[in-house]
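First the structure, in the form of structure tokens, and then the observations on it.
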């Protein structure tokens, strides 16, 4: 697991524990694609589609088509590789 994916997993755990702000701080501290994907997801959850689109592009991904719970599962699976 890379430092970026480890950081993104910590951010995802913070989000799932109810800490959107903490998760956002963690995502901002990351520099790779995994943290950019987390950052996109956070802005999607927040309802800021424009900012989410920017971060999906930074992550090299299209906006996720499924629900936020499905996206979190996809993120966990991708970060575990």
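In my numbering, the protein residues as written are 1194 to 1274.
The C-beta atom is built at its ideal place from N, Cα and C for all residues, glycine as well.
{"Query": "7 Å Cβ shell around residue 1215 - same chain, five flanking residues per side excluded", "Result": "1207"}
{"Query": "Counted within 10 angstroms of its Cβ, other Cβ atoms place residue 1237 as buried (16 or more) or exposed", "Result": "buried"}
{"Query": "Contacting residues, own chain, Cβ-Cβ under 8 Å from residue 1267 (five flanking each side not counted)", "Result": "1257 and 1259"}
{"Query": "Buried or exposed by the 16-neighbour rule on C-beta atoms within 10 Å, applied to residue 1230", "Result": "buried"}
{"Query": "Euclidean distance between Cα positions of residue 1212 and residue 1261", "Result": "16 Å"}
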